[in-house]
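First the structure, in the form of structure tokens, and then the observations on it.
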Amino acid sequence: MAQRESGAEPRHRGEERERSEAKLRVEELRDQIRHHDYLYYVQNAPEVADAEYDALMRELQALEAKFPEFVTADSPTQRVGEQPSELFVPVRHRVAMLSLDNAFSWEELEAWGKRVERALGREADFVCELKIDGVAVALSYENGRYAQGATRGDGQVGDDITANIRTIRAVPVRLRDGDRPSVLEVRGEVYLPVGAFERLNDDLSERGERAFANPRNAAAGSLRQKDPRVTASRPLKLWCHGVGYAEAMRFERHSEALAYLREAGLPVNPTTLRLPSLEKVFEYCEHWQEERHGVDYEIDGVVVKVDQIALQEELGATSKAPRWAIAYKFPPEERTTRLQKIDVHTGRTGRVTPFAMLDPVYVGGVTVSTATLHNEDEIARKDVREGDTVIVRRAGDVIPEVVGPVLSKRPKRAKPWPFPRRCPSCNTKLVRREGEADWRCPNRRRCPSQGIEWLFHYASRSAMDIDHLGYKTGLALMEQGWVEDPADIYALTADQLAQLPGFKDKSIDNLLSAIEGSKDRPLWRLLVGLNIPHVGSHVAQVLTRAFPSMEALGKASADDLDAVEEIGPEIARSVHEWFQDPENKRLVARLRRAGVRMREAAPVRRESGPLAGKTIVLTGGLESMTREQAQRAAQAAGARVASSVSKKTDFVVAGVDPGSKYDKAKTLGVEIVDEDEFRRRLANK
């Protein structure tokens with residue numbers, strides 16, 4: 098007996114350790130996915146390929162399936178996305194714009210089809226549509242006239258881009274005469290044709306501005322312009338793929354709804370087909386996988402939908418995606434070409450990244466001449482050498498990568514490539530921290546490459562949004578010695594700019610006006626622009642909610658920062674160290690003297706509403722709404738939503754698995770309410 102017990106105990110400890118490690122990994126995955134969701138859905142600036150994002154999501158789904166006790170209402174697997182951008186007026190969709198589950202293989206697509214038919218107890222018809230790699234939008238028509246256009250946003254609430262969508266020539270301002278509902282909401286995808294994308298990038302490059310990574314980013318950036326005239330200058334197009342809502346009108350089939358839209362004058366992709374069996378669906382997918390470049394827009398898969406609306410309703414949906422539709426994703430494209438040379442580049446954070454210079458090759462819808470090699474370890478692992486014939490892959494929204502060499506074609510004289518130990522820009526000795534894969538240049542303030550990349554980042558749309566300060570102009574300013582860091586741009590004069598090639602009175606006025614306008618940007622944008630390690634747009638907004646001034650942030654200890662929800666110890670340490678650096682303190686002081694805003698604007702407080710004047714704190718997962726939805730609902734009811742509990746807190750809303758805020762509320766004697774009571778108070782019951 099004793100032997101069996103001593104054998105069971107280690108197994109028990111092993112299970113507990115596995116459970117503990119799984120819980121940590123689940124939280125880590127959720128943080129990563131939320132970050133990428135924000136970049137993809139809100140900022141339209143993804144930094145990973147679809148395949149990498151999908152791998153994160155599938156790992157999280159697998160862990161939650163194995164440990165269902167870890168599932169929370171606000172997990173990315175249970176919800177659609179993140180909050181809309183602050184730049185546009187929010188629009189609530191009449192019917193949620195859900196995302197789609199993905200099938201990455203024929204086996205997964207077949208399994209979905211069989212699940213559908215098993216759930217229905219009979220065969221279904223299907224509609225197959227090309228999955229356009231564009232921007233999802235909703236168009237609203239009232240009595241046949243275009244009334245509103247909105248982005249998908251978080252699926253529930255998007256951004257109002259009515260004026261910008263109106264500029265798209267494919268969008269009818271008035272529907273053709275016929276039986277039109279009083280309200281019609283149409284779902285579609287805005288895209289930029291590949292040829293137009295290439296011409297746009299050529300124009301941007303000629304003006305010294307950063308080119309878009311791909312047509313999807315170009316379409317997203319065009320739709321989110323403050324000036325509709327900029328949107329109008331870019332030949333965006335639209336394919337409509339469904340009806341979200343139709344007042345007093347019902348369709349029997351999805352294919353019938355598409356025919357109705359086409360008849361009403363809305364563009365519907367002619368490649369869309371109604372098919373009677375899964376076998377025909379496979380044939381359609383296989384055809385377009387081979388012919389994906391036979392159209393003038395990028396596609397990354399096929400959307401398969403059950404055609405009969407009654408069967409769609411019978412199958413229903415999860416909170417994230419309908420069960421009656423799936424997206425079959427094409428595998429990433431691969432091509433072979435010759436690797437001419439390996440070189441390195443120092444980025445704004447000091448990271449030195451190796452890249453391959455290639456014989457131009459057409460892959461993934463674009464002509465590729467460079468591809469990332471990631472880091473020294475990856476080069477060694479793949480054994481990539483100059484002169485090799487290599488396999489190149491381009492997947493989704495990131496730059497192409499070298500998969501590996503074709504060893505049978507390796508030249509006899511090809512040698513392993515030695516990673517440089519000095520910065521290619523400033524010749525400073527590189528450093529590599531223990532546990533990190535990257536070599537970095539520590540010469541942050543004197544490295545020319547880091548300087549120009551930082552300046553360009555500071556002026557970018559995701560940071561201080563300074564129009565007319567592109568890469569070419571920034572480089573010219575640095576070469577003249579007028580600008581070393583972002584604070585210097587606020588001292589530029591018209592006389593200085595007049596000395597730059599191509600700068601006339603109008604361009605000088607435009608740039609100086611844009612620089613002046615950047616002084617009043619929200620504080621979180623300044624934080625993004627300051628190039629603080631680990632601080633992107635989402636983290637910056639979290640920080641400024643907790644510390645609404647630069648002074649408060651500078652005084653915060655690492656523990657103070659770590660106590661903020663969503664700010665872990667690594668980010669807290671990074672932010673604290675940045676503010677303790679004497680050079681950074683001087684930079685902040687110079688920006689303050691230049692008139693750059695250093696405090697977050699006081700939130701508009703409602704004087705009325707069921708929660709007017711109340712300060713509340715949210716903790717734990719909510720069942721009926723996301724954290725962002727709960728925050729917006731509370732603010733709409735007049736409350737102030739704080740990020741930490743204090744004696745001034747009126748009550749704490751405790752959801753599933755509440756954190757340390759719950760314990761602090763109990764210690765301070767602050768009232769704690771559950772989700773049901775919170776909803777009653779919102780409704781003033």
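Every letter in the sequence shown is one number past the one before it in the working numbering, and letter 664, counting from 1, is 761.
Every residue, glycine too, gets a C-beta built ideally from N, C-alpha and C.
Predicted, not measured: the structure shown is a model, and the values here were computed from it.
Where does the unbroken alpha helix (DSSP H) through residue i begin, and where does it stop?
i	result
S546	545 to 556
R313	312 to 320
L160	147 to 163
R482	Counting along the chain, R482 falls outside any alpha helix (DSSP H), and DSSP gives it neither H nor E.
K334	Note, K334: premise wrong, no alpha helix (DSSP H); beta strand (DSSP E) at 334 to 343.
P325	325 to 329
D657	655 to 659
From the DSSP output, read off the bridge partner residues of residue i.
i	result
I713	V738, F748
R537	R448, V528
F223	L372, V403
P502	V487
N199	A424
S237	Q245, E282
Y459	T464
T590	In DSSP, T590 forms no bridge with anything.
G64	In the structure as shown, the chain starts at 98 and stops at 782, and residue 64 therefore has no counterpart that could be examined.
Y288	K334
In its own chain, which residues sit with a C-beta less than 7 Å from the C-beta of residue i, not counting the 5 before and 5 after it?
i	result
A591	I605, L609
A65	Nothing can be reported for residue 65, as the shown portion of the chain is limited to 98 through 782.
E239	S279, V280
A595	I605
A611	I563, D564, H565, L566
G413	R420
Going by beta carbon distance, what residues of the same chain come within less than 8 Å of residue i, once the five residues before and after it are set aside?
i	result
D535	R448, V449, T450, N472, R529
R435	L455, D456, G484, D485, T486, V487
E431	V460, I488, V489, R490, V500
G96	Residue 96 is absent from the model: the chain starts at 98 and stops at 782.
D257	F185, V186, P187, V188, Q245, G246, A247
R689	M647, M695
Y759	T716, G717, V749, A751, I769
R277	Y238, N240, G241, A361
Would you kindly report the start and end of the unbroken beta strand (DSSP E) that includes residue i?
i	result
W421	Taken as a continuous stretch (DSSP letters only), W421 belongs to no beta strand (DSSP E), as it is neither H nor E.
A247	242 to 248
T443	430 to 443
D256	254 to 256
R683	Segment 679 to 690 is the alpha helix (DSSP H) holding R683; no beta strand (DSSP E) there.
P187	187 to 189
E772	Per DSSP, E772 belongs to no beta strand (DSSP E); it is in the alpha helix (DSSP H), 772 to 779.
With a threshold of 16 other CB atoms inside 10 Å of the CB of residue i, please say whether the residue is buried or exposed.
i	result
L552	buried
Q547	buried
A99	Any reading at A99 must be qualified, since the residue scores a pLDDT of 42, below 50, and its modelled position is unreliable; the value itself is stated next. Classification for A99: exposed.
P502	buried
Q253	buried
I439	buried
E772	buried
L227	buried
V399	buried
N199	buried
H133	buried
S634	buried
H351	buried
L496	Leu is not the amino acid found at residue 496; the sequence shown has Ile there. Looking at its Cβ environment, which holds fewer than 16 other Cβ atoms inside 10 Å, I496 is exposed.
P165	exposed
A63	Outside the modelled stretch of the chain, which goes from 98 to 782, sits residue 63, for which no answer is possible.
A208	exposed
P181	Any reading at P181 must be qualified, since the residue scores a pLDDT of 42, below 50, and its modelled position is unreliable; the value itself is stated next. By the neighbour-count rule (16 or more Cβ atoms within 10 Å), P181 is buried.
H390	exposed
E680	exposed
D324	exposed
S803	A question about residue 803 goes unanswered here, because the residues of the chain that appear run from 98 up to 782.
Within its chain, find whatever has a CB closer than 6 Å to the CB of residue i; leave out the 5 residues flanking it on each side and keep chain order.
i	result
V632	L624
E697	L620, T641, P645
L779	A730, A734
A193	G252, Q253
L597	A573
Q409	V403, W421
S466	L455, P457
Exercise for the section: Report yes or no: do the segment 537 to 553 and the segment 521 to 528 share at least 3 C-beta pairs separated by less than 8 Å? Expected result: Contact check between the segment 537 to 553 and the segment 521 to 528: three or more CB pairs, one atom from each, fall below 8 Å, which counts as touching.
Practice task
Say whether the segment 200 to 218 touches the segment 291 to 310, bearing in mind that this needs 3 or more beta-carbon pairs closer than 8 Å, one atom from each stretch.
Solution key: No: the two stretches stay apart, fewer than three of their Cβ pairs being nearer than 8 Å.
Practice task
Would you check if there are 3 or more beta carbon pairs closer than 8 Å linking the segment 329 to 342 to the segment 281 to 289?
Solution key: Contact check between the segment 329 to 342 and the segment 281 to 289: three or more CB pairs, one atom from each, fall below 8 Å, which counts as touching.
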